[in-house]
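Under our numbering, the first residue of the sequence shown is numbered 197, with each subsequent residue one higher. The beta carbon of each residue, even a glycine, is placed where N, CA and C say it ideally should be. Accompanying notes for the structure given below.
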Amino acid sequence: MEFQWWQILILSLYSGYQILDELQLYSAMSSPVFAGLVTGLVMGDMVTGLKIGAAMQLMVLGVGTFGGASRIDANSGTILATAFSVSAGMSVDQAVGTIGVAVATLMLQLDILARMANTWFQHRVDKAIDNYDYKGIERNFLLGALPWSLSRLIPVFLALTFGAPLVQQIVDYLNGPLKWLGDGLSLAGAVMPAVGFAILLRYLPVKKHIPYLILGFVITALFTTIFGNMQLIGTGLGAVNKEFTTVLNGLPMLAVALMGLAFALIRFREHSVMNAANQAAPKQTQVEDSEGEIDDDEI
């Protein structure tokens with residue numbers, strides 16, 4: 197399946213825009229999940245796009261750009277993984293492990309190149325400030341977005357334009373003579389979200405809030421088991437009795453999210469009361485725990 201010209205154009209323009217959204221607008225359009233949604237809509241398979249986007253989102257949950265450091269570009273990886281997965285018939289796990297992670301890692305180098313190219317415009321802004329050239333300041337500030345945008349737009353455009361035959365050959369080999377390698381990459385792609393969770397837990401104050409972590413895990417596990425068995429019962433009854441048309445749904449993740457929100461609100465209220473009491477005290481002190489989190493005056 198070859199890409200249509202309008203598909204290449206839309207996905208290339210979106211890949212160039214999403215990094216600008218991440219740097220300035222801070223909307224959901226710069227997240228891997230949204231990249232999967234857009235690419236899925238363009239390619240005509242939104243389910244695959246959301247699955248790949250969710251997997252890539254989970255992979256970078258605990259990854260941040262602290263101090264302006266570069267990080268893997270999960271958005272571009274999601275775009276190409278979804279596009280080639282739909283066009284070449286790759287499984288979601290195989291697309292994530294073979295294309296998504298590889299592209300996201302390679303784009304790290306282009307992110308560094310974009311940052312270096314952007315310094316040229318920064319020096320022009322400094323010169324314009326010395327000359328009181330306000331129009332020049334605005335112009336070079338806006339032009340500074342070009343290296344960021346082109347660092348994503350050009351690679352995605354080239355990959356979509358010329359990479360389809362190569363990816364198809366790779367897929368044929370991974371599903372044929374190198375099936376053992378393809379299965380291994382699929383397994384690696386399935387494990388990547390767990391790696392993202394591990395990184396996230398490494399930076400969260402888990403020791404301080406371990407009761408909530410245990411409680412959330414137990415509730416999710418119990419409800420998943422209960423609702424999963426209910427679905428099996430419904431499927432069995434439907435097979436035995438054709439008049440049984442009731443649909444037994446699985447556990448809605450919204451319910452689990454609302455439980456987490458409830459516990460978070462309880463914790464927030466307790467913390468607010470504690471801060472109010474501390475502010476009423478004659479002397480303020482800041483106590484830092486073993487994980488570097490400040491207990492007082494956080495809100």
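Other residues of its chain near residue i: CB distance less than 7 angstroms, five sequence neighbours each side excluded
| i | result |
| --- | --- |
| Pro339 | The sequence given here has Leu at residue 339, not Pro. So the list reads Phe317, once near-sequence residues are dropped. |
| Leu216 | Ala341, Trp344, Ser345 |
| Lys247 | Val288 |
| Ala324 | Gly332, Ile333, Asn336 |
| Val321 | Ile333, Asn336, Phe337 |
| Thr244 | Gly236, Thr278, Ser281, Val282, Val288 |
| Met225 | Gln214, Asp217 |
| Thr416 | Val452 |
| Ala219 | For the sequence presented, residue 219 should be read as Leu rather than Ala. Excluding positions up to five away in sequence, the list reads Trp344. |
| Gly412 | Gly456 |
With 16 other Cβ atoms within 10 Å as the buried cut-off, status of residue i
| i | result |
| --- | --- |
| Asn425 | exposed |
| Ser223 | exposed |
| Met239 | buried |
| Asp307 | buried |
| Gln253 | buried |
| Tyr330 | exposed |
| Tyr210 | buried |
| Val234 | buried |
| Phe230 | buried |
| Asp269 | buried |
| Pro361 | exposed |
| Leu276 | buried |
| Ala300 | buried |
| Pro228 | buried |
| Asp255 | Looking at the sequence provided, one finds Met at residue 255 rather than Asp. With 16 or more other Cβ atoms within 10 Å, it is buried. |
| Leu551 | Examination of residue 551 is not possible in this model, given that the chain is present from 197 through 495 alone. |
| Gln475 | exposed |
Spatial neighbours of residue i in its chain, beta-carbon cut-off 8 angstroms, leaving aside the 5 residues before and after
| i | result |
| --- | --- |
| Ala496 | Because residue 496 is not part of the residues shown, which for the chain are 197 to 495, the question remains open. |
| Ile204 | Phe353, Leu356, Thr357 |
| His319 | none |
| Arg465 | none |
| Asp326 | none |
| Ile406 | none |
Secondary structure of residue i, DSSP reduced to three states
| i | result |
| --- | --- |
| Tyr210 | helix |
| Asp241 | coil |
| Pro407 | helix |
| Glu466 | helix |
| Gln253 | helix |
| Gly432 | helix |
| Gln203 | helix |
| Arg267 | coil |
| Glu218 | helix |
| Ser227 | coil |
| Leu400 | coil |
| Leu418 | helix |
| Leu374 | coil |
| Gly340 | coil |
Close-in-space but distant-in-sequence residues of the same chain around residue i (CB under 6 angstroms, 5 per side omitted)
| i | result |
| --- | --- |
| Met242 | Gly236 |
| Ser208 | Leu349, Val352, Phe353 |
| Asn271 | Gln214, Pro228, Ala231 |
Query raised in the report: Where are the alpha helix (DSSP H) runs, 4 residues long or more, that stay fully inside the segment 278-335, in chain order?
Result: 288-291, 297-326
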